[in-house]
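This report refers to the structure that appears directly beneath it.
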Amino acid sequence: MSSVSRNQDKIKDDALPVETREKAPNAPTPSEVDDYLCSKLLHPNYGKDLNFKKGIERANENNIPKIQISPLQGQFLSILIKSINAERVLEIGTLAGYSTSFISRALPSNGQIDTLEKSELHSKIAKENFLESDLFPFPNLHLGLGLNLLKKLNLPEEGPYDLIFIDANKDQIKDYFIESLRLLRKGGIIIVDNAIRRGKILPSSKDDPTIDVEGLRDLYDWIENDNGKTVLTSGIQTVGEKSWE
Numbered sequence: 449m450s451s452v453s454r455n456q457d458k459i460k461d462d463a464l465p466v467e468t469r470e471k472a473p474n475a476p477t478p479s480e481v482d483d484y485l486c487s488k489l490l491h492p493n494y495g496k497d498l499n500f501k502k503g504i505e506r507a508n509e510n511n512i513p514k515i516q517i518s519p520l521q522g523q524f525l526s527i528l529i530k531s532i533n534a535e536r537v538l539e540i541g542t543l544a545g546y547s548t549s550f551i552s553r554a555l556p557s558n559g560q561i562d563t564l565e566k567s568e569l570h571s572k573i574a575k576e577n578f579l580e581s582d583l584f585p586f587p588n589l590h591l592g593l594g595l596n597l598l599k600k601l602n603l604p605e606e607g608p609y610d611l612i613f614i615d616a617n618k619d620q621i622k623d624y625f626i627e628s629l630r631l632l633r634k635g636g637i638i639i640v641d642n643a644i645r646r647g648k649i650l651p652s653s654k655d656d657p658t659i660d661v662e663g664l665r666d667l668y669d670w671i672e673n674d675n676g677k678t679v680l681t682s683g684i685q686t687v688g689e690k691s692w693e
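Numbered per the numbering used here, the sequence shown spans residues 449 to 693.
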């Protein structure tokens, strides 16, 4: 009897969003832990840079969606770039340039960053943020539909990109990923943001997936069918300021 009850409670618990699941008395939420980690770990030239904060404020004033990466995710992106000594980075999906700023700060002075954005408003605000932050290397912003731009993009003169960060519409994510492979150096890294979708990527009997979820599943199916011939991949579930990603 008690065993059945515990299992039923667990099923109910697993069905709830991360932030509202049952927890021990006084246990913190993922967002609270995120705030604590930010207070301890953010670097003055990265996550704590006041110009980065001003950039978010400028984006909010212009009603740009609040879907940028978190400060800790931004610093993790910077760490990855530095860890592989990246010199050339491609970003697909600029938004207001928050993640772009973390990328630029992590690159050497002779580095190159190209970022693709379809919205004229987002591009305008991003450029203002780049200037405010005095970024160097200064991002090359390409305006237009992401996949169209990506297909026309040539390799940098100095060589392929070391890292590609994809933070764009997920209904075309497989196409972005495959096209990115053409531009990536051997041993380079591709990062796909928002790849968990609060667990909705997992098929179920009551499935009614959005086009974003369907797009991610298409990518996962492609990776499975590739069977390791082209890429070595992993998936990381994160919780925190951006909930379950």
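Positions of the beta carbon are idealized from the N, C-alpha and C atoms, including for glycine.
Model, not experiment: these values are computed from the prediction.
Residue pairing by DSSP puts residue 565 in a beta bridge opposite 591.
Along the segment 612-691, the alpha helix (DSSP H) occurs as fully enclosed runs of 4 or more residues at 621-631, 659-674, listed in sequence order. For the 7 Å CB-CB criterion, residue 627 and residue 598 form a contact.
Beta-bridge analysis with DSSP links residue 609 to 632. Exposure of residue 584 is indicated by the presence of fewer than 16 other C-beta atoms within 10 angstroms of its C-beta. For residue 527, the enclosing alpha helix (DSSP H) stretches over residues 519-531.
By the neighbour-count criterion, in which 16 or more other beta carbons inside 10 Å mark a residue as buried, residue 690 falls on the buried side.
Looking at the DSSP output, residue 538 bridges to 562, 612. By the neighbour-count criterion, in which a residue is buried when 16 or more other Cβ atoms sit within 10 angstroms of its Cβ, residue 540 is buried. Ranking 476, 557, 546 by CA distance to the CA of residue 580 puts 546 first.
Note that the C-beta distance between residue 693 and residue 617 is not below 7 Å. Nearest in C-alpha terms to residue 482, of all of 556, 522, 473, is 522.
Shown here, residue 602 sits in coil according to DSSP, grouped into three states, outside any helix or strand. Of the residues assessed, residue 489 falls on the exposed side of the cut-off, its CB having fewer than 16 other CB atoms within 10 angstroms.
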